[in-house]
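Using the numbering used here, read the sequence shown as starting at 418 and increasing by one per residue.
Before any comments, here is the structure.
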Amino acid sequence: MTGAGRLPERVATFAFLALFAGVMWPPNAYFSGETVTPQGASNIYDFLEFAMLVPFLALGFFACWRELPGLLGYAWPVLALALFAFLSAYWSDDPSLVVRRAGTVTLSTLFGIYLIGRGDFGWLVATLVKIFALAAIASFIAIVALPQAATVTADYYTHAWRGAFTDKNELGMVCGEALIFSVYAWRKRLGPRWIAGFTIAAYLVLLYGSESKTPIVFMAAALYAALVVMALRRRSAAGLIVGYALLVFGIVAGGLLAVGWQDALLALGR
418 MTGAGRLPER VATFAFLALF AGVMWPPNAY FSGETVTPQG ASNIYDFLEF AMLVPFLALG
478 FFACWRELPG LLGYAWPVLA LALFAFLSAY WSDDPSLVVR RAGTVTLSTL FGIYLIGRGD
538 FGWLVATLVK IFALAAIASF IAIVALPQAA TVTADYYTHA WRGAFTDKNE LGMVCGEALI
598 FSVYAWRKRL GPRWIAGFTI AAYLVLLYGS ESKTPIVFMA AALYAALVVM ALRRRSAAGL
658 IVGYALLVFG IVAGGLLAVG WQDALLALGR
């Protein structure tokens with residue numbers, strides 16, 4: 418398929434993806450400037466999100482019931498992990514908390530399976546880039562119109578942006594994901610190229626404003642893995658040599674980081 422069904426289904430899918438991305442969600446946590454839900458307690462907004470997701474998934478899987486056995490067959494490893502999460506409630510100190518979180522993990526996993534079943538990979542990447550673009554626009558609007566809500570209010574990093582997200586580190590991780598997906602979409606021409614270009618530029622600015630360093634490491638690791646795969650996929654002598662050299666470099670770099678991890682953190686300002 419080239420999309421997630423008809424227009425109402427596509428709109429609902431887009432809305433759920435925006436909620437999962439955490440764009441000003443949950444609103445009570447975002448607009449209060451802090452996490453208002455105590456550790457282990459349920460958030461009414463998150464509960465409503467997943468309560469709406471259940472009938473949506475039921476209808477979605479019914480629409481692709483012929484492909485459902487095959488999808489579940491391919492997804493059995495992640496479904497087994499979700500089942501293990503439920504089983505861990507038997508030896509947990511807080512079984513009710515484990516069951517709630519395992520339910521969240523399971524519904525999130527089923528939503529991912531639904532996305533694979535209802536749309537092809539190119540459509541999914543293009544849709545995610547649009548979600549990231551929407552989140553970037555919301556972040557810039559929040560930074561300009563709601564600077565107190567869009568800026569970290571903790572003792573450290575008082576001028577760091579959190580944009581449309583509940584934490585600066587969450588914004589930072591979204592920046593890393595958005596840049597990876599957007600560069601891929603721009604290169605492969607998945608969706609409008611101008612949206613991918615805008616998203617790349619926007620998240621470079623947001624990454625700088627978030628003062629988050631983890632995404633830099635994350636993106637460097639992703640770039641390294643991509644270079645290794647690209648070299649090995651050439652299936653030529655040059656590709657094998659380059660791939661082998663990159664693997665050796667990665668092993669050496671990993672060893673140096675394991676020995677001098679404190680120096681690496683200092684270099685990142687951490």
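Where is the CB? At the ideal position from N, CA and C, for every residue including glycine.
Only a predicted model underlies this, so the values are computations on that prediction, with no experimental measurement involved.
Would you say residue i and residue j are within 8 Å of each other, going by their C-beta atoms?
| i | j | result |
| --- | --- | --- |
| V546 | A637 | no |
| A559 | A566 | yes |
| R579 | V591 | no |
| A618 | I548 | no |
| L488 | G539 | no |
| A519 | P512 | no |
| G589 | S627 | yes |
| Y447 | T583 | yes |
| F635 | G593 | yes |
| A555 | T616 | no |
Buried or exposed for residue i, please, with buried defined as at least 16 other CB atoms from any protein chain shown within 10 angstroms of its CB.
| i | result |
| --- | --- |
| S653 | exposed |
| L621 | exposed |
| F433 | buried |
| Y531 | buried |
| L424 | exposed |
| L541 | buried |
| V440 | buried |
| G672 | exposed |
| W442 | buried |
| E436 | With the sequence shown as reference, residue 436 is identified as Leu, and Glu is not the correct amino acid for it. L436 comes out buried. |
| A595 | buried |
| N586 | buried |
| A648 | buried |
DSSP three-state call for residue i: helix, strand or coil?
| i | result |
| --- | --- |
| T521 | helix |
| T430 | helix |
| T544 | helix |
| W578 | strand |
| T583 | coil |
| A446 | helix |
Nearest-angstrom Cα distance between residue i and residue j?
| i | j | result |
| --- | --- | --- |
| T544 | S599 | 11 Å |
| P632 | L623 | 12 Å |
| C481 | A502 | 27 Å |
| A642 | L607 | 21 Å |
| Y491 | G536 | 16 Å |
| L504 | L663 | 41 Å |
| D510 | H576 | 39 Å |
| T430 | L465 | 16 Å |
| A562 | A581 | 11 Å |
| W611 | V495 | 35 Å |
With a threshold of 8 Å between beta-carbons, can residue i be considered close to chain B, or not?
| i | result |
| --- | --- |
| Y601 | The displayed structure is made up of one protein chain only, and chain B is not part of it. |
Would you call the stretch 521-532 and the stretch 456-476 touching, i.e. three or more CB-CB distances under 8 Å? The stretch 521-532, when compared against the stretch 456-476, does touch it at the 8 Å Cβ threshold.
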